[in-house]
Amino acid sequence: MKGLAKATLIRRYKRFLADVYLDDEQRITVHCPNTGSMKNCVEEGATVWLSRSENPKRKYQYTWEYMQTSRGHYIGINTNRANQLVKEGIESGVVTELRTYPDIKTEVKYGQENSRIDILLSGSGLPDCYVEVKSVTLLEEAATKGSGYFPDAISERGSKHLRELALVAQSGCRAVLIFCVQHSGIQRVFSADHIDKAYGDTLRMAIDSGVEVLAYKVRFGRSRLKLWRPVPFHVSPI
Numbered sequence: 068m069k070g071l072a073k074a075t076l077i078r079r080y081k082r083f084l085a086d087v088y089l090d091d092e093q094r095i096t097v098h099c100p101n102t103g104s105m106k107n108c109v110e111e112g113a114t115v116w117l118s119r120s121e122n123p124k125r126k127y128q129y130t131w132e133y134m135q136t137s138r139g140h141y142i143g144i145n146t147n148r149a150n151q152l153v154k155e156g157i158e159s160g161v162v163t164e165l166r167t168y169p170d171i172k173t174e175v176k177y178g179q180e181n182s183r184i185d186i187l188l189s190g191s192g193l194p195d196c197y198v199e200v201k202s203v204t205l206l207e208e209a210a211t212k213g214s215g216y217f218p219d220a221i222s223e224r225g226s227k228h229l230r231e232l233a234l235v236a237q238s239g240c241r242a243v244l245i246f247c248v249q250h251s252g253i254q255r256v257f258s259a260d261h262i263d264k265a266y267g268d269t270l271r272m273a274i275d276s277g278v279e280v281l282a283y284k285v286r287f288g289r290s291r292l293k294l295w296r297p298v299p300f301h302v303s304p305i
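Counting in our numbering, the sequence shown runs without a single skipped number right up to 305 at its last residue.
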């Protein structure tokens, strides 16, 4: 990955930390910007790529951005990148369902549960469109089948966002949930009812209320990532 430091993963721990060996065999601790369990992602000895901050006040200079699994799949670890990738995909017209909105804002307060919407689209005389972005990295066995799932851990926050989107849809505005697939091996996305049934139930309720669900896959290039193409989404059967 261009502009990033290459390293070897030793372990991830305390949720937001990971130990790695740099190419010069120096062992360092890096920031892991991922709130999920990272199930089926963490492999001892995997190749990882790190961004470096020039901020002298930061405790950990490096941030874990991407990795490559033993199967050769690339995974975007930094969940914060998903919002940026989707925003760029909307602006460039990759997300065809959202091409018609000229105005775009991010991190706008809304809802009844003290929430912030990731992306707010407006203009052209259309109803406002509220877009919630979720990063998908969980590829379940058998991995060769390409089935990805969200969430990878119990997510009360994710269920809250679905409730907020359902109210938006019921109010007459447009509500969209976009799964940003940051795993090169995932070919389709399912709700992970086997991990968080409450999330699956809330997602079905949100869809019944008019929430639209999209899934778009990221393409991993040598220089940068970009939103690439849609993939199928399925609600897991009850």
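From the three backbone atoms N, C-alpha and C, an ideal C-beta is built for every residue, glycine too.
Keep in mind the model is a prediction, meaning the values are calculated, not measured.
(1) If contact is defined by three or more beta carbon pairs under 8 Å, each pair taking one atom from either stretch, is the segment 142-152 in contact with the segment 98-107?
(2) What would DSSP say about VAL153, mapped onto helix, strand or coil?
(3) Flag this pair as yes or no: are the beta carbons of GLU111 and THR136 separated by less than 9 Å?
(4) Between the Cα of PRO169 and the Cα atoms of LYS154, TYR216, TYR129, SER118, which residue gives the shortest distance?
(5) Going by Cα to Cα distance, which pick from SER120, ARG79, TYR197 is closest to GLY277?
(6) State the Cα-Cα distance for the pair SER222 and GLU199, rounded to the nearest angstrom.
(7) Would you mind giving the Cβ-Cβ distance between VAL285 and GLN249, rounded to the nearest angstrom? I have them listed as a contact below 8 Å.
(8) Where in the segment 213-240 do unbroken runs of the beta strand (DSSP E), each at least 3 residues long, occur, reported from the N-terminal end onward?
(9) How many Å lie between ASP91 and THR130 at the Cα?
(10) Excluding the five sequence neighbours on either side, which residues of its own chain have a C-beta within less than 6 Å of the C-beta of SER182, listed in chain order?
The answer reads as follows:
(1) The segment 98-107 makes contact with the segment 142-152, as at least three CB pairs between them are under 8 Å.
(2) Judged by DSSP in its simplified three-state form, VAL153 adopts helix.
(3) The answer is no: Cβ separation not under 9 Å.
(4) Of the candidates LYS154, TYR216, TYR129, SER118, the one whose C-alpha sits nearest the C-alpha of PRO169 is LYS154.
(5) Ranking SER120, ARG79, TYR197 by Cα distance to GLY277 puts TYR197 first.
(6) If I take the Cα positions, the gap works out to 14 Å.
(7) At roughly 5 Å, the Cβ-Cβ gap stays under 8 Å, so VAL285 and GLN249 are in contact.
(8) Within the segment 213-240, the complete beta strand (DSSP E) runs of at least 3 residues are 214-217.
(9) Rounded to whole angstroms, ASP91 to THR130 spans 18 Å at the Cα level.
(10) Hits under 6 Å: GLU231.
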